[in-house]
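Here the structure comes first, spelled out in structure tokens, and everything after it is commentary.
Numbering (the UniProt record's numbering), first residue to last: 1 to 221.
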């Protein structure tokens with residue numbers, strides 16, 4: 001098999017998406033940790049447009065942007081733990097929710113980086129996002145977004161399962177209440193118990209310290 005490398009950052013949910021996909025499929029790879037404050041020549045060479053992680057290198061070819069990489073991995077190794085459903089409608093639906101995650105995911109970041117009225121507005125928008133996921137994406141009695149096993153939509157929303165709670169703690173807000181969003185809470189528990197996910201989550205305590213420092217910097221701007 002051609003060599004697979006992943007350039008990532010330990011705190012990045014986007015890097016974790018790619019790690020989960022590779023682990024679920026059992027693909028061997030070399031991981032290269034990047035310091036985004038001092039971007040390496042390798043990162044600048046492989047991703048000269050956005051200069052950010054993750055970057056997958058496969059057989060000398062580079063692929064950027066986390067969900068594009070995950071879909072590439074699924075296309076490249078389709079018989080090893082398929083992530084996208086086979087049915088065309090279900091595939092289209094999965095891509096819709098991936099797009100939703102990409103477009104709305106930044107709302108929690110706005111809560112994290114702001115205060116006062118601006119934060120309150122972002123908080124309300126974030127709650128609306130969670131309500132849509134709860135009511136429209138997690139329908140029926142499914143353990144995961146696509147059914148009984150982790151699929152590509154679960155990977156897209158994986159940031160909710162770990163990073164969201166850390167941000168809530170740092171900011172001092174509770175948005176994802178279990179009694180308000182029971183399906184999302186059940187999904188988080190199911191998602192984090194899958195070995196390929198559980199064994200590849202960054203330390204909660206390290207994330208908390210890092211995000212606390214980061215928020216202080218944003219509020220000083």
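Quick reminder that beta carbons are idealized off the backbone N, C-alpha and C, glycines included.
| Asked | Found |
| --- | --- |
| Leaving out the 5 sequence neighbours to the left and right, which residues in its chain are closer than 6 angstroms to residue 113 when beta-carbon positions are compared? | 218 |
| How about residue 67 and residue 155: do their beta carbons lie closer than 9 angstroms? | yes |
| Do the CB positions of residue 208 and residue 180 come within less than 9 angstroms of each other? | no |
| Measure how close the beta-carbons of residue 43 and residue 57 come, nearest whole angstrom, since I'm counting them as under 8 angstroms. | At roughly 11 angstroms, the Cβ-Cβ gap does not stay under 8 angstroms, so residue 43 and residue 57 are not in contact. |
| Pairs of beta-carbons, one from the stretch 136-150 and one from the stretch 168-175, closer than 8 angstroms: are there three or more? | no |
| What does the alpha-carbon distance come out to for the pair residue 73 and residue 105? | 22 angstroms |
| Quick one: Cα of residue 196 to Cα of residue 23, how far? | 6 angstroms |
| Please report how far the alpha carbon of residue 157 lies from the alpha carbon of residue 25, in whole angstroms. | 18 angstroms |
| Assign residue 59 to buried or exposed, taking buried as 16 or more other Cβ atoms, counted over all protein chains shown, within 10 Å of its Cβ. | exposed |
| Tell me, which residues are paired with residue 61 by DSSP? | 58 |
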